[in-house]
Amino acid sequence: MFNRTAQKKLEEYLRYFPCVAIIGPRQVGKTTLAKTLSRKHGIKSIYLDLELTADYHKLTDAETYLTPLADKNIIIDEVQRNKSLFPLLRGLIDQKRRPGRFILLGSAAPDLIRDSSESLAGRIGYIELCPLTILEVRKKISLETLWLKGGFPGALTGKIPTALWMENFIRTYFEQDLPQLGFPAGRVVSRKLWSMLAHNHGGVLNYSDLSKSMELSANTVKGYLNFLENVFLIRQLQPYHVNMKKRLVKAPKIYLRDSGILHHFLNINGIAELRGHLKMGASWEGFVIEQIAALLSESSRMFFYRTHDGSELDLVIEKGGKPYAGIEIKYGSDIKPSKGNIEAIKTLKTRLNFIVVKEREEYETGSAFKVVGLERFLEKYIPMFNKQTA
């Protein structure tokens, strides 16, 4: 069991919204979070898992089943399997509007967000549950272990060997979860695509090259990538564009969101292998970006910045429509900002600039960048970003 930072947000939302949706990939801990909160506060809850035939049939006549339960908290897992529920939930909420009536859990299906938004507008709050962060696990698990194995609880517990758990997790996604969510590609194509994305992790996307390798049209590949992003399995980090004469890189950078999945596709099974791998730097970069993204508020947006003349930053955090913080991510001993980094912050005029590293430290570089260890950056500066406005 890990204490999730999302728990505080869930408790807050349950005080205001009649319905709260916790969305995220399979096995990330949505059910555990909802049940733990119910037990902690002594809430009388009824849990329904729509992947279980018996529970699914209970909601065949959902109005008859749910109406007498108006005083209880109803947790509905894998709710995207019965999209007809959303209009009914709106009616039940309007009959008795009290906070925390329903908690909906979904595997981030695009249809879940669209259908619930249309039916439950003004009645629902959304929480994305990300894989575990170092601030959630550091009392039990080291930073390197989390980076190597990824943030899915099942990969970290040690009850099943990580490689075995990950292979079965990925196979289930290919053969069951993605098809149920509406992903049009078959198992073989899906696995080939994920493998190619792993080898391009941290790189700028070239749709033409990727589509040729996949023997698919560029539009088909774009559709696949957008789907995988909508179900929180990959991140397409967009370039930051400013009104200037410089030629900017316009394609997004691609990342597999969980480092454990990335390392599985790269056949990396230990920290020594990871340290010596050609993708080590890109892996660390993606890991840091996901750690930041998991804690950053919705009022901030993330980009990368790169021009064709060499100016670059791994991450630009935007607040209020303006670049607020520039971040360069480094793992090795060479932690000095490059000429391109310095040129980038001069152009963007970012208020705060950091080089985020593995070790727990903090010091000035004398070149407008502050070197900060990842853990310290997450616990000290992300809360500051979330409070301040640009």
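Residue numbers (the numbering used here): 1053 to 1442.
Just so it is clear, CB atoms sit at the ideal spot from N, CA and C, and this is done for glycine as well.
All figures in this text were calculated on a predicted structure; none of them were measured in a lab.
6 Å CB neighbourhood of residue i in its chain, flanking five on each side removed
i	result
PHE1421	PRO1389, ASN1405 and ILE1407
GLN1290	PRO1304 and PHE1355
TRP1336	TYR1383
GLU1342	ARG1309
LYS1096	LYS1124
ILE1323	GLU1196 and LEU1200
Beta carbon of residue i nearer than 9 Å to that of residue j
i	j	result
TRP1246	LEU1308	yes
HIS1315	LEU1230	no
ILE1193	PHE1069	no
ASP1361	GLU1380	no
SER1159	GLY1076	yes
TYR1108	ARG1133	yes
ILE1186	LEU1198	yes
GLY1255	VAL1080	no
THR1014	GLY1418	The chain is shown from 1053 up to 1442; residue 1014 falls before or after that span and cannot be answered.
Among the options, the one whose alpha carbon lies nearest that of residue i
i	options	result
TYR1225	ARG1239, ILE1212 and PRO1213	ARG1239
GLY1392	ASP1123, GLU1416 and ARG1358	ARG1358
LEU1164	GLU1188, VAL1189 and PHE1138	PHE1138
VAL1283	ALA1250, LEU1233, LEU1330 and LYS1264	LEU1233
PHE1487	SER1351, VAL1409 and ARG1412	In the structure as shown, the chain begins at 1053 and stops at 1442. Residue 1487 is therefore absent and cannot be evaluated.
ILE1286	GLY1275, VAL1294, HIS1293 and TYR1292	GLY1275
ARG1428	GLN1440, LYS1439, TYR1415 and SER1419	TYR1415
LYS1061	LEU1348, LEU1430, ILE1394 and GLY1378	LEU1348
ARG1166	LEU1216, VAL1131 and GLN1147	VAL1131
GLY1338	PRO1236, GLY1203, SER1136 and SER1311	SER1311
GLU1267	VAL1241, GLY1378 and GLU1219	VAL1241
GLN1147	GLY1094, GLU1115 and SER1136	GLU1115
GLU1281	GLY1322, ASN1258, SER1269 and PHE1235	PHE1235
GLU1188	GLN1440, GLN1059 and GLU1227	GLN1059
LEU1216	TYR1065, ILE1098, THR1084 and ASN1321	ASN1321
Chain-order list of residues whose beta-carbon lies under 7 Å from that of residue i (same chain, five-residue window excluded)
i	result
ALA1086	ILE1074, ILE1127, ILE1155 and LEU1157
ALA1442	With a pLDDT of 44 at ALA1442, under the threshold of 50, the modelled position of that residue is not reliable, and no figure is offered here.
LEU1318	ALA1250, HIS1329 and LYS1331
ILE1387	ILE1407, VAL1409 and VAL1423
ASN1252	ILE1306
LYS1082	ILE1074, GLY1076, LEU1157 and LEU1181
ARG1243	PHE1226
Supposed contact pair residue j and residue i - C-beta distance, whole angstroms, cut 8 Å
i	j	result
LEU1400	VAL1423	Not really, about 19 Å apart at Cβ, beyond 8 Å.
LEU1111	LEU1121	About 12 Å; that fails the 8 Å criterion.
PHE1221	GLY1206	7 Å
MET1248	SER1260	The pair is not a contact, with the Cβ atoms about 13 Å apart (cut-off 8 Å).
SER1363	ALA1334	SER1363 to ALA1334, Cβ: 20 Å. No contact.
PHE1054	LEU1184	6 Å
ASP1129	LEU1102	6 Å
THR1119	LEU1144	7 Å
Same chain, Cβ closer than 8 Å to residue i, neighbours up to 5 away in sequence not counted
i	result
ARG1067	PRO1151 and GLY1152
ALA1345	CYS1182, ARG1287 and MET1354
GLY1425	VAL1408, VAL1409, LYS1410, GLU1411, ARG1412, GLU1413 and GLU1414
LEU1430	THR1185, ILE1186, LEU1187, GLN1343, ILE1344 and LEU1347
Cβ-heavy atom distance, residue i to the ligand ADP, below 8 Å
i	result
GLY1254	This structure lacks the ligand ADP; in fact it carries no ligand of any kind.
Alpha helix (DSSP H) runs contained entirely in the region 1073 to 1111, provided each spans 4 or more residues: 1082 to 1092 and 1105 to 1110
Minimum length 4: unbroken alpha helix (DSSP H) runs contained in the region 1351 to 1425: 1391 to 1400
Sequence ranges, alpha helix (DSSP H) only - wholly within the region 1261 to 1334, length at least 4: 1270 to 1282, 1311 to 1317 and 1323 to 1327
Secondary structure, alpha helix (DSSP H): runs of 4+ residues fully inside the region 1168 to 1222: 1186 to 1189, 1195 to 1201 and 1205 to 1208
Minimum length 4: unbroken alpha helix (DSSP H) runs contained in the region 1130 to 1157: 1137 to 1147
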